[in-house]
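Chemist: Structure incoming, see below.
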Amino acid sequence: MASSGTHVFHPEKELRVLELYSGIGGMHFALDNAPVIKEQNLKYKVVLAIDINNVANRIYQHNFPDTNMSSSGIEGLTVKQLDKLKIDMILMSPPCQPFTRVGKKMDHEDVRSKSFLHLLNLLPRLSHCPSYILVENVKGFETSQTRDILLQILKKCDFTYQELLLTPLQMGIPNARLRYYLIAKKRPNSFCFSIKDQVLYDLPECVYHMLAYRQHAEIQDKKGKANTKLDMSGKICDQFMIQKDVSLTLNGENDSLVQKPSAECQSNQNVNMLCKTEDQSDVDKSVFDEGTKSKRPKFNNTYNENTEDRLREIVRQFREIENHNEIFRQVEDGEHISYGPCLQLVHFLETANKREDFDKFRVPDKDLKRFILMDIVNPCSRKSICFTKRYGHFMEGAGSIIQMTSDVQAVKAATDFKAHAVQTQNRDQWQEEEMEIIRRLELRYFTPREIANLLCFPQSFRFPEGLSIIQFYRLLGNSLNVYVVSILISLMLL
Ligand SMILES: C[S@@+](CC[C@H](N)C(=O)[O-])C[C@H]1O[C@@H](n2cnc3c(N)ncnc32)[C@H](O)[C@@H]1O
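Quick note: the sequence shown uses the numbering used here, first residue 49, plus one each step.
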C-alpha cells in the first residue's frame with residue numbers, strides 16, 4: 049500500500065515515550081539522536097523506562113538521571129497505569145532468548161515471552177493507545193508465533209507497520225548485528241514510504257533522501273559554527289551517506305581505497321547531496337591521504353591532530369598485513385544482505401598511551417589455545433562480528449578479537465601456523481614454540497568503550513564506577529545499535 053506519509057503528531061506537543069526492557073538505554077540514546085527529532089526540533093520525553101535488571105538500571109540512571117525508572121516486571125503493568133501515562137510511543141526490545149538460533153526456540157511458550165504477550169494483551173484495551181511502536185529483536189523472531197500474535201494485535205488496533213531485518217554493516221558501521229525491527233504507526237498516520245507485506249532487507253529509499261537533507265543541514269551548520277561538535281553517530285552518518293552511491297577506485301601509488309561519486313550519483317540532483325564535498329570532515333580518507341588534511345576544516349570532534357598522526361601510522365602498518373589476515377575471519381551471519389564498504393575499525397578503537405593500558409584486555413594463554421576458532425580483526429578491518437553478552441571470555445561467535453601487532457612477519461607466521469593447525473587439529477600438542485607464534489599477534493578483547501562506539505552510543509555515554517568489565521560486556525551485548533534505531537525512529541515520525 050503506497051501511503052502519503054501523514055502524521056497526526058503535532059510538533060508543538062511533547063512526544064511521551066515509554067521505553068520497555070530499557071537495559072542500558074540504547075533506545076533512549078537513539079531517540080536523542082534521531083535525525084527527525086533534531087531537525088524538526090520535536091519535543092519528547094521518556095516518561096518511564098522499565099527493566100528488571102538492577103545493574104542495567106544503574107547504568108541507565110547514571111546516563112539519564114532525570115528519567116523515571118521502574119524495576120518491576122512488565123507483566124505487572126495494568127491498563128490503568130498505561131492510560132495514566134498517556135503514552136504516544138513505545139520503544140522496546142523484548143527478551144530474545146525464546147527466538148535465538150542457538151536456543152530452544154520455545155517462542156510464545158517460553159516464560160521469558162510472558163511479559164511481552166501481557167503487554168500485547170493490554171494494547172487493545174487502552175483508552176489512550178500509543179501512535180507509534182518500535183520493536184527490536186533477533187533474527188528468528190520474524191518466523192515466530194509471537195510475531196504472528198504481535199501482527200494480529202497491531203491490525204486489531206488499526207496500526208500500519210513495516211518489518212525489517214537490518215545490520216549496521218549496511219550503514220557503513222563495521223559491526224555485524226543482524227536484527228529484526230518492526231515500526232508501526234496508528235492510522236490515520238502513515239509511512240512516507242510504500243509499505244511491503246514482507247520483511248525488508250534494506251532501508252526504504254526515502255531514508256537516503258532524509259539523510260541527504262540532514263547532511264545538507266549539517267554542512268550549513270558547520271559553515272556557520274566552526275567548532276560544531278561531531279559525535280560518533282554524526283560521523284557515521286556521513287559515511288553511510290557516501291557509501292550508498294559510490295564506486296571504489298584504487299588510488300595510484302598509495303593503492304588506498306578512495307570513494308568517488310558514481311556517474312549516476314552525479315547526474316541526480318537529490319542523490320547528489322549524498323556525495324561528499326571537499327570541505328567535509330572525513331577522517332577515514334584523511335588517514336590515507338596526506339593531501340586532504342590541510343583542506344579539512346578543524347572540527348572539535350573526537351580526534352585531535354596527535355590522534356590522527358597515530359591513526360595514520362597504525363593504518364600504514366596494518367595495510368601491509370591486510371592480505372594475511374583474511375584467513376582469520378569468520379563468515380558473515382546474514383544471507384540476502386548486501387552492503388558497501390564500511391569505516392575501518394581504527395575509528396572506533398581507543399588509543400592507549402602505553403601498550404600496558406590494554407594489558408587487562410589481552411587474551412590469556414588458555415584462550416589462545418582456541419585461536420583457530422577466533423574471528424581476528426585488525427584496526428584496518430572493515431568488519432567485526434556481533435558482540436554478544438558472552439563476550440570477554442573466549443567463546444566461539446561471541447565477538448571479534450583484535451590483533452595489535454603490526455609486525456608482518458608475526459602475522460605471516462601465525463597465518464601459516466593456522467593453516468597447518470586447521471588441517472592437523474593438534475592443539476593439545478602445541479608447545480611453547482607454537483604458543484609464542486600466537487602470542488606474537490598480541491591479541492586482545494575489544495574494550496567496553498570500543499564496543500559502545502561500534503554500537504554507536506554517543507561519546508557522552510558513561511560507564512558508572514563499581515561495575516566489572518564483564519558486567520559491561522554482558523549489558524552491551526544485550527543492547528542495540530543506536531544509529532540503526534535512530535533512523536527507524538525517524539522513519540516512524542516522518
Ligand atoms: C534485549 S535486552 C534490552 C536491551 C536494551 N534495549 C538496551 O539498550 O540495553 C532485554 C532486557 O529486558 C529485560 N527484561 C527481561 N524480562 C523483563 C520483564 N519481565 N520486565 C522488565 N524487563 C525485563 C532484561 O533485564 C534486559 O535488560
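Heads up, the beta-carbon is just placed ideally off N, CA and C, and yes, glycines get one too. None of these values were measured; they are calculated from a predicted model.
May I ask you to check if the CB of Asn101 is nearer than 6 Å to at least one heavy atom of ligand 1?
Modeler: Flag set: Cβ of Asn101 near ligand 1.
Chemist: Can you tell me whether Asn102 is buried or exposed? The criterion is at least 16 other CB atoms within 10 Å of its CB, across all chains shown.
Modeler: Its Cβ having fewer than 16 others within 10 Å, Asn102 is exposed.
Chemist: Who are the near neighbours of Met544 in its chain, counting only those whose CB is closer than 7 Å to its CB and skipping five residues on each side?
Modeler: Any question about residue 544 goes unanswered here, given that the chain covers just 49 to 542.
Chemist: Does ligand 1 have a heavy atom nearer than 6 Å to the CB of Leu170?
Modeler: Incorrect: Leu170 has no Cβ contact closer than 6 Å to ligand 1.
Chemist: Can Tyr228 be considered in contact with ligand 1, in the sense that its beta carbon sits closer than 6 Å to one or more heavy atoms?
Modeler: Incorrect: Tyr228 has no Cβ contact closer than 6 Å to ligand 1.
Chemist: Beta-carbon separation of Ile181 and Ile122 under 7 Å?
Modeler: It is not a contact, given that the beta carbons lie outside the stated cut-off.
Chemist: Can you round the beta-carbon distance between Gly74 and Leu528 to whole angstroms, since I take them to be within the 8 Å contact cut?
Modeler: That pair is a contact at about 4 Å.
Chemist: Mind the definition here: the stretch 491-500 touches the stretch 388-400 only if three or more C-beta pairs lie below 8 Å; say whether that holds.
Modeler: Contact between the stretch 491-500 and the stretch 388-400 is present, because at least three Cβ pairs lie under 8 Å.
Chemist: Is the beta carbon of Ala458 closer than 7 Å to that of Arg488?
Modeler: Contact flag set, yes.
Chemist: Using C-beta distances below 8 Å, list every residue in its chain close to Leu165, excluding the 5 sequence neighbours before and after it, in chain order.
Modeler: Once the five neighbours on either side are set aside, the close Cβ partners of Leu165 are His156, Thr194, Ile197.
Chemist: Is Leu167 helix, strand or coil when you go by DSSP?
Modeler: Leu167: helix per DSSP, three-state reduction.
Chemist: Looking at the strands, I want to know which residues DSSP matches up with Ala462.
Modeler: For Ala462, which the question treats as bridged, DSSP gives no partner whatsoever.
Chemist: Would you check if there are 3 or more beta carbon pairs closer than 8 Å linking the stretch 234-254 to the stretch 204-216?
Modeler: At 8 Å Cβ cutoff, the stretches touch.
Chemist: Cβ of Ile138 versus every heavy atom of ligand 1: is any distance shorter than 6 Å?
Modeler: Incorrect: Ile138 has no Cβ contact closer than 6 Å to ligand 1.
Chemist: Taking the DSSP output, what are the residues bridged to Leu248?
Modeler: DSSP lists Leu212 as partners of Leu248.
Chemist: If you follow the beta strand (DSSP E) that Arg195 is in, where does it begin and where does it stop?
Modeler: It is not in any beta strand (DSSP E) - Arg195 instead sits in the alpha helix (DSSP H) that spans 193-204.
Chemist: DSSP three-state label for Arg475, please.
Modeler: In the structure shown, Arg475 sits in a helix (DSSP, three-state: H, G or I).
Chemist: Cα-Cα, which of Tyr69, Ile72, Glu62 is closest to Ile85?
Modeler: For the residues Tyr69, Ile72, Glu62, the minimum Cα distance to Ile85 belongs to Glu62.
Chemist: Is Ile72 close to ligand 1? I mean its beta-carbon at under 6 Å from any heavy atom of the ligand.
Modeler: Checking the Cβ of Ile72 against ligand 1 gives yes.
Chemist: If you compare alpha carbons, which of Glu184, Pro113, Lys132 is closest to Gln145?
Modeler: Closest option to Gln145, Cα to Cα, is Glu184.
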